[in-house]
Amino acid sequence: MKLGLVLEGGGMRGIYTVGVLDRLMEEDIEADYVIGVSAGACNGVSYVSRQKGRAYRVDMDYLDDKRYGGISSFLKTKSIFGMDFLFDEIPNHLDPFDYETFLASPCEFVTGVTDVDTGKTVYFTKEHLDHDSTVIRASSSIPIFAPMVRYRGGKYLDGGTSDPIPVRKALDDGCDKVIVVLTRSRDFVKKPEKFRYVYSRLFRKYPHMIEVLDRRHKVYREEQELVRRLEREGRAIVVAPSRPIEIGRFEREREKLQAVYDMAVEDVNRVMDKIEAWNDER
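For the sequence shown, the positions run 1 to 282 when full-length UniProt numbering is used.
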């Protein structure tokens with residue numbers, strides 16, 4: 001049995017995913033395959049590299065550092081997050097990412113990005129992360145709030161825009177069962193994107209990107225339904241916030257983030273027996 005781990009994005013709501021992944025590492029639950037978009041990809045790499053606590057530190061230890069992001073960063077770099085700080089200074093100097101363990105791991109890793117020219121999701125495997133975090137940066141570049149990222153001739157933005165819960169890709173890649181980690185509660189209803197006036201002008205040269213943003217809420221609902229169906233069939237374990245997460249993707253209040261992390265630990269503990277049973281089946 002091939003066990004997959006599917007990680008939704010959500011900016012700072014990803015601290016929920018961090019709590020889940022830390023608990024899985026504590027119990028030595030090692031998936032065969034991990035796919036994440038946006039914050040899900042950022043947190044998923046530290047799971048594959050077996051660096052428990054690293055994603056937590058990245059999310060929590062630099063909240064007061066101006067390089068982490070904010071309005072000044074947006075005005076200076078057109079990104080609400082300090083992308084150079086997050087994807088260069090931290091992994092290469094301040095809290096080193098273990099590329100060697102990551103690349104040597106038998107666990108497959110995939111991240112999705114959105115091609116701004118075609119509006120399609122492009123998926124990159126771990127070979128593209130050989131001491132290079134460009135594709136993770138691209139997957140985390142939120143439209144409007146971050147500039148597009150160029151990589152090998154392509155122009156990319158947030159993977160969660162075109163494939164917010166990439167469970168279908170996990171199935172296509174051969175996963176028999178999946179653990180799906182959401183950063184929204186089960187009853188969350190995605191609404192049409194805000195700022196259409198802004199993004200329709202910002203991406204006027206990229207009509208397919210506008211279409212992706214226009215359809216994002218519909219795609220999200222379709223993927224939610226697929227996850228529900230897999231759960232009914234016994235092919236998915238869903239770990240989702242047991243209470244609505246009352247923080248936004250740019251949250252900076254440490255107490256609120258800690259509360260979400262703690263909730264994640266409680267939520268995954270409720271299904272840990274089933275996860276361990278699946279793990280033992282392999």
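Idealized CB from N, CA, C, for every residue including glycine.
A quick note: this is a predicted structure, and the numbers were derived from the prediction, not measured.
With a threshold of 16 other CB atoms inside 10 Å of the CB of Ser162, please say whether the residue is buried or exposed.
Burial check for Ser162: the Cβ neighbour count within 10 Å reaches 16 or more, so the residue is buried.
Helix, strand or coil at Tyr197 according to DSSP, with G and I counted as helix:
In this structure, Tyr197 counts as helix in the three-state DSSP scheme.
Between the alpha carbons of Lys218 and Leu3, how many angstroms are there, rounded?
When rounded, the separation of the alpha-carbon atoms in Lys218 and Leu3 is 27 Å.
Whole runs of the beta strand (DSSP E) within the stretch 17-85, excluding any shorter than 3 residues:
Entirely contained in the stretch 17-85, the beta strand (DSSP E) runs reaching 3 residues are, in chain order, 33-36.
Does DSSP put Glu222 in a helix, a strand or coil?
Looking at Glu222 - three-state DSSP - the assignment turns out to be helix.
Cα-Cα separation between Val180 and Gly119, rounded to whole angstroms
Roughly 24 Å separates the two Cα atoms.
Quick one: measure Cβ to Cβ for Val6 and Pro241, integer angstroms, because I've assumed they're closer than 8 Å.
Not confirmed; about 16 Å, so no contact.
Among Ala104, Met272, Ile247, which one has its Cα closest to the Cα of Val238?
Checking every option, the nearest Cα to that of Val238 belongs to Met272.
Residue of Tyr199, Val135, Lys190 minimising C-alpha distance to Thr111
Closest by alpha carbon: Val135.
Euclidean distance between Cα positions of Gly19 and Ala277
Rounded to the nearest whole angstrom, the C-alpha separation of Gly19 and Ala277 is 20 Å.
Boundaries of the beta strand (DSSP E) in which Asp115 is found, first to last residue
Taken as a continuous stretch (DSSP letters only), the beta strand (DSSP E) holding Asp115 covers 108-115.
Distance, Ile90 Cα to Ser49 Cα:
Taking the straight line joining both Cα atoms gives about 15 Å.
First and last residue of the beta strand (DSSP E) that includes Thr125?
Thr125 -> beta strand (DSSP E) spans 121-125.
Tell me, please, which residues DSSP counts as bridged to Ile165.
Residue pairing by DSSP places Ile165 in no beta bridge whatsoever.
If we require 4 or more residues per run, which alpha helix (DSSP H) segments fall completely within the stretch 128-174?
Within the stretch 128-174, the alpha helix (DSSP H) runs of at least 4 residues that lie entirely inside it are, in chain order, 134-139, 159-162, 167-172.
Between the stretch 198-205 and the stretch 23-31, do three or more beta carbon pairs fall short of 8 Å?
Three or more Cβ pairs closer than 8 Å define a contact, and the stretch 198-205 falls short of that threshold against the stretch 23-31.
Counting along the chain, where does the alpha helix (DSSP H) carrying Lys256 start and finish?
Boundaries of the alpha helix (DSSP H) around Lys256: 254-270.
Per-residue DSSP class, three states only, for Ile15
In the structure shown, Ile15 sits in a helix (DSSP, three-state: H, G or I).
Would you be able to state if there are at least three C-beta pairs under 8 Å between the stretch 184-191 and the stretch 93-104?
Under the Cβ criterion (8 Å, minimum of three pairs), the stretch 93-104 does not count as touching the stretch 184-191.
Answer yes or no: do Ile142 and Asp158 have a C-beta to C-beta separation smaller than 8 Å?
Pairing Ile142 with Asp158 gives a Cβ-Cβ distance under 8 Å.
Looking at Glu225 and the ligand SAH, is the gap between the Cβ and the nearest heavy atom below 7 Å?
Absent from the structure shown: the ligand SAH. Ligands present: none.
Could you tell me the boundaries of the beta strand (DSSP E) in which Ala240 lies?
No beta strand (DSSP E) holds Ala240; DSSP gives it neither H nor E.
When you compare the CB positions of Asp65 and Met12, do they come within less than 8 Å of one another, or not?
Taking 8 Å as the Cβ cut-off, Asp65 and Met12 do not qualify as a contacting pair.
Under 8 Å between the Cβ atoms of residue 283 and Met1?
Look at the range of the chain in this structure, 1 to 282, and you will see that residue 283 is not part of it.
Report the rounded CA-to-CA distance for Pro244 versus Gly14, giving the unit in angstroms.
Straight-line Cα distance between these residues: approximately 14 Å.
Decide if Glu255 is buried, meaning its Cβ has at least 16 other Cβ atoms within 10 Å, or exposed.
Its Cβ having fewer than 16 others within 10 Å, Glu255 is exposed.
Apply the 10 Å Cβ neighbour rule to Tyr47 and answer buried if 16 or more other Cβ atoms are within range, or exposed otherwise.
Residue burial is scored here from C-beta neighbours: Tyr47 has at least 16 other C-beta atoms within 10 angstroms and is therefore classed as buried.
Sub-8 Å separation of Tyr123 and Ala138 beta-carbons:
No, they are not a contact pair.
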